[in-house]
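Numbering (my numbering), first residue to last: 1 to 416. Where is the CB? At the ideal position from N, CA and C, for every residue including glycine. Computed from a prediction, not measured in an experiment: that's the story for all the values here. One structure is given here, and the rest of the page talks about it.
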Amino acid sequence: MNQSPPPPNPNYQQPPPQYPYPPYPPPYPQMPPGGNPPPGYPPPPPNYAPHYHHRSGYRSRDGYHSKRSDYHDRGRRNNYSSRNDHQERHDPIHTVFFFNVPYDASLEEFTNYASQFGETNHIFTKFEKGIAFVTFCDIRDAEKAVKSEYGKINGRDIKTSFAYRPPAHSKRDPCESCSTVQVKVISDIPKSTLENVRDALAKFGEIRSAHEGDDKGEFIIKFFNLKSAKEAVANNGLDIHGETVRIEYLPEEDEGDDPAEHQSPHHHHSRSNSDRNSSNGPSSNGFPPPPSYGQPYPPFDPLGYPPGAPYQMPPGYPAQPPFQMPPGYPMAPPQTQGFPPQQVPAQQQMPQPQQQQQQPQMQQYGMPPQISSDYSQQMQAGVPPPPPQYQTQLSSAQPQPKGVSEQQLKNFDNLL
Numbered sequence: 001m002n003q004s005p006p007p008p009n010p011n012y013q014q015p016p017p018q019y020p021y022p023p024y025p026p027p028y029p030q031m032p033p034g035g036n037p038p039p040g041y042p043p044p045p046p047n048y049a050p051h052y053h054h055r056s057g058y059r060s061r062d063g064y065h066s067k068r069s070d071y072h073d074r075g076r077r078n079n080y081s082s083r084n085d086h087q088e089r090h091d092p093i094h095t096v097f098f099f100n101v102p103y104d105a106s107l108e109e110f111t112n113y114a115s116q117f118g119e120t121n122h123i124f125t126k127f128e129k130g131i132a133f134v135t136f137c138d139i140r141d142a143e144k145a146v147k148s149e150y151g152k153i154n155g156r157d158i159k160t161s162f163a164y165r166p167p168a169h170s171k172r173d174p175c176e177s178c179s180t181v182q183v184k185v186i187s188d189i190p191k192s193t194l195e196n197v198r199d200a201l202a203k204f205g206e207i208r209s210a211h212e213g214d215d216k217g218e219f220i221i222k223f224f225n226l227k228s229a230k231e232a233v234a235n236n237g238l239d240i241h242g243e244t245v246r247i248e249y250l251p252e253e254d255e256g257d258d259p260a261e262h263q264s265p266h267h268h269h270s271r272s273n274s275d276r277n278s279s280n281g282p283s284s285n286g287f288p289p290p291p292s293y294g295q296p297y298p299p300f301d302p303l304g305y306p307p308g309a310p311y312q313m314p315p316g317y318p319a320q321p322p323f324q325m326p327p328g329y330p331m332a333p334p335q336t337q338g339f340p341p342q343q344v345p346a347q348q349q350m351p352q353p354q355q356q357q358q359q360p361q362m363q364q365y366g367m368p369p370q371i372s373s374d375y376s377q378q379m380q381a382g383v384p385p386p387p388p389q390y391q392t393q394l395s396s397a398q399p400q401p402k403g404v405s406e407q408q409l410k411n412f413d414n415l416l
């Protein structure tokens, strides 16, 4: 049986027709390659990618920035076999680092062991950690100690390498291990040459190298022995070919490499991953470091634009004209323009439950028959009524009044 559709509701309002409207402008203008953000937008956040490289201990030799390129390709910097290219020495220094020293070694035993390489100027030991630092007077003796084969103290192999630059809080004077001096001619127009200065300072000791400095009349002289440099500085104000020169130490030439450039596992104790990630510097896994106390994380925005910024046309672009229908299309009906705020129709209200109960209910397949009023109280209590075929059995199961037999009740039921 075909049922006709219900009649349309006269209060229902049809939606406006859909026309091919132009797309909305993007929420943010696109930045040109290499250009600046539009006016009113903050600059993008700094790029951390250039700072997130591998740890310095795993860089190649080409990644180092050394001021001494003439010593870049010298031999190995230590005498133990487990070494890599990043542990090579740029320039030897007078201080040698000894490790794997026995904990029960005495100062006399270690001094005798270190003195076999040459004259020592200073010895610093920490036998409870198995390490020691020895400064040799002649730099050739320091090279001999590093390049020599394994020596033994109490049956234990002693390993060596050139020491790194001392920390900034070190109380030791860096001039005590410096054999490089700077010679400056005190004259407006210096006439002394490198050969003149070299010949004048050769009387203090054997010269390892000599070259001109950055300024005119400035020369860098490197001795082999610390005593030679000390004697040269003591003769400050020396006269060379009628010109007075100023002689002073240049300790940055003999301080050694920065530990961050090599990260030797034997020289400095390596930190765990949790300690390394807890520092405030850039971490090694490529992510920004965690914020310190009082500095929360900045909001993540890959483009650097704040959320919800109003759209503005970039400079040089005309303002967007109002929308007009394309040629050949009829004018849009009035309802497409939208209702004014004061003329918006009120929202239709759904009929109340009392009105729905007044309408006749249609019998549908699977629904129980109409229930008599006897069971209205049971329906309100949430108890479903029994089927009609069981009502007779329920009535017969009720308690019988006294003085009436079962046969009389059956006869009464037949009369009904």
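With contact defined as three or more Cβ pairs closer than 8 Å, the segment 108-116 and the segment 167-183 are not in contact. In this chain, Thr193 is not harboured by any alpha helix (DSSP H), its DSSP state being neither H nor E. Taking Ile131 as the centre and dropping the five residues before and after it, the same chain places the C-beta of Phe99 closer than 6 Å to its C-beta, in chain order.
Using a Cβ distance threshold of 8 Å, Asn225 and Ser179 count as a contacting pair.
Counting the other CB atoms within 10 Å of its CB gives Ile186 a total below 16, which places it among the exposed residues.
Cβ neighbours of Ile247 within its own chain (closer than 6 Å, five residues either side excluded): Val181, Val183, Ala232, Val233 and Asn236. Contact check between the segment 131-149 and the segment 211-221: fewer than three CB pairs, one atom from each, fall below 8 Å, which does not count as touching. The beta-carbon distance between Ser228 and Gly205, rounded to whole angstroms, is 2 Å. This is short enough to meet the 8 Å contact definition. In the DSSP assignment, Phe162 is bridged to Val96.
Boundaries of the beta strand (DSSP E) harbouring Ile123: Thr120 to Lys126, taken from the DSSP string.
For Arg140, the enclosing alpha helix (DSSP H) stretches over residues Ile139 to Lys147. For Val181, the three-state secondary structure derived from DSSP is strand.
Using a 10 angstroms sphere on the CB of Asp214, the tally of other CB atoms stays under 16, which defines it as exposed. For Tyr113, the uninterrupted alpha helix (DSSP H) run begins and ends at Leu107 to Ser115, by DSSP. Looking at the backbone, the Cα of Arg172 and that of Val134 are separated by about 13 Å. Burial is judged here by how many other beta carbons sit within 10 angstroms of a residue's own beta carbon; Thr244 has fewer than 16 and is exposed.
CA-to-CA, the gap between Asp157 and Asn121 works out to about 23 Å.
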